[in-house]
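S.K.: Residue numbers (the numbering used here), protein chains in the order written: chain A, 1 to 89; chain B, 1001 to 1383. Yeah, the Cβ is synthetic: ideal placement off N, Cα and C, and Gly gets one too.
1. Can you confirm whether residue 1003 of chain B, when its beta carbon is compared against all beta carbons of chain A, has any partner nearer than 8 Å?
2. Using CA atoms only, rank isn't needed, just tell me which of B/1012, B/1032, B/1291 and B/1056 is closest to residue 1067 of chain B.
3. When the cut-off is 8 Å and only beta carbons count, does residue 1048 of chain B lie next to chain A?
4. Grab the span of the beta strand (DSSP E) containing residue 1194 of chain B for me, first residue to last.
5. With distance defined between alpha-carbon atoms, name the residue in B/1322, B/1339 and B/1334 nearest to residue 1374 of chain B.
6. Across which residues does DSSP place residue 34 of chain A in a beta bridge pair?
7. Where does residue 1099 of chain B land, buried or exposed, given buried means 16+ other C-beta within 10 angstroms?
8. Would you mind stating whether residue 4 of chain A and residue 75 of chain A have Cβ atoms separated by less than 8 Å?
9. Just curious, the beta strand (DSSP E) that residue 1295 of chain B is in, first and last residue?
10. Anyone know if the C-beta pair for residue 1204 of chain B and residue 1017 of chain B falls short of 8 Å?
11. Taking the continuous beta strand (DSSP E) assigned at residue 1273 of chain B, which residues delimit it?
12. Going along the region 1056-1068 of chain B in order, which residues come within less than 9 Å of chain A, judged by CB to CB distance?
13. Between residue 17 of chain A and the rest of its own chain, which residues show a CB-CB distance below 7 Å, the 5 nearest in sequence each way excluded?
14. So what's residue 1390 of chain B in DSSP terms, helix, strand or just coil?
15. Could you tell me which of B/1167, B/1111 and B/1180 sits nearest to residue 1087 of chain B, measuring between CA atoms?
16. Look at residue 1302 of chain B and residue 14 of chain A and say whether their C-beta atoms are less than 8 Å apart.
17. Between which two residues does the alpha helix (DSSP H) holding residue 1080 of chain B run?
18. Which residues in chain B sit within 7 Å of residue 41 of chain A, going by Cβ to Cβ distance?
19. Please report how far the alpha carbon of residue 1104 of chain B lies from the alpha carbon of residue 1050 of chain B, in whole angstroms.
20. Closer than 8 Å, CB to CB, is residue 1112 of chain B near chain A or not?
21. Can you tell me whether DSSP reads residue 1051 of chain B as helix, strand or coil?
22. Could you run through the region 63-86 of chain A and flag, in chain order, every residue whose CB is less than 8 Å away from some CB of chain B?
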């Protein structure tokens, strides 16, 4: 059985790289991957996050004012969309 | 040939910091791939380069959201983007009689093509604009005001904060061609609503780099549409920044250099650069008063200008003087109208123009002395 990860999708490569900068500064683990075609036809990048660090990651990104477009729970080629709380404006 | 003295910084800065050359070389040799498109490591390195360049410019402007900066080829394209993107049929726009053709030509076209009403505020010959001139001309149709932050002809600085206040909410587009990297632009949000800049002058980057900063919440249409690497399923241009205003593969190699140039400025400090350039300008202006037949244009207070000095020498045409300086002394200047015929009419120097000396962070007091000596020698004869 493939391991479970969370996939974070953003509106553009700019936002992905902003997220990368925030997570690097916060010392939170992440991986940059091509956007899985199962969830988004973009040619861009996405963040892969360990499920047990997802809350910290979401908090750090939201605090930095980033808008996360979508989060998916991934197991192999199986994707489940996870509703996110609306960002504070 | 003996050493050159480069006094044409207002056109393109020279030399560039070594870090700029290294960054362009690294981009060309190590990750010459498309940013924001593919997802392999070389494309990612290119994406990070473009991102870091945006972050560097954002830091220079004192803004935290670098996605509000869209890349262009130069400041002319940035100004065209802003003017074309904002001004619609029947709009009223304010500008001054001290602007470059990069503003006057698009406005002239918009007046014809979209019936935009262009109102040109006359400024006195020193170029110093009274902010109250803007407020008294506001109408219900005034969509925008556009001014240069510093004149490319005589260096006059515009009090952007005061002009912005006088506009009472009407957006201000600032042309920072001559000021970016030379005078503080932080925090830009107090000075303008849109800022057009170029990378190849005071920001010490390569040609082919520039951009437009747009205040968040101010929407404008793009100049061109096309691939962005985002929303690829759609045949419509995305509406989020910066993709809304950018299309096609950007000048990654140039932006690598621009990022290094801006980092150099941030590390040195804009205030330090300003002090150095002001010192050179004062030295030059003081020296010029000792030379017979020199006429200096622009503000009498050097604190009111960037390191740009326009002059004429009795008995010499601007082009002959510039040629003699180049051929005999290796001193490189720019003669003529400087793409700003309206500014030269305001100065009373149309159509012959002036000889413009412009200094930068790498010019030295020794070079200024050498230029003064050359001008003194030339003042003793005629062309």
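M.R.: Concretely, from the data shown:
1. It does not: the Cβ of residue 1003 of chain B has no partner Cβ on chain A nearer than 8 Å.
2. B/1056
3. Answer yes: the Cβ-Cβ gap between residue 1048 of chain B and chain A drops below 8 Å somewhere.
4. 1194-1198
5. Among B/1322, B/1339 and B/1334, the Cα nearest to that of residue 1374 of chain B is on B/1322.
6. When beta bridges are read from the DSSP output, residue 34 of chain A appears opposite A/45.
7. Its Cβ being crowded by 16 or more others within 10 Å, residue 1099 of chain B is buried.
8. yes
9. 1294-1296
10. yes
11. Looking at the DSSP string, residue 1273 of chain B is not in any beta strand (DSSP E); the run it does join, the alpha helix (DSSP H), is 1270-1288.
12. 1064, 1065, 1066 and 1067
13. none
14. Nothing about residue 1390 of chain B can be read from this structure; chain B reaches only from 1001 to 1383.
15. B/1111
16. no
17. Run containing residue 1080 of chain B: 1075-1086, per the alpha helix (DSSP H) assignment.
18. 1232 and 1233
19. 31 Å
20. no
21. Looking at residue 1051 of chain B - three-state DSSP - the assignment turns out to be helix.
22. 65
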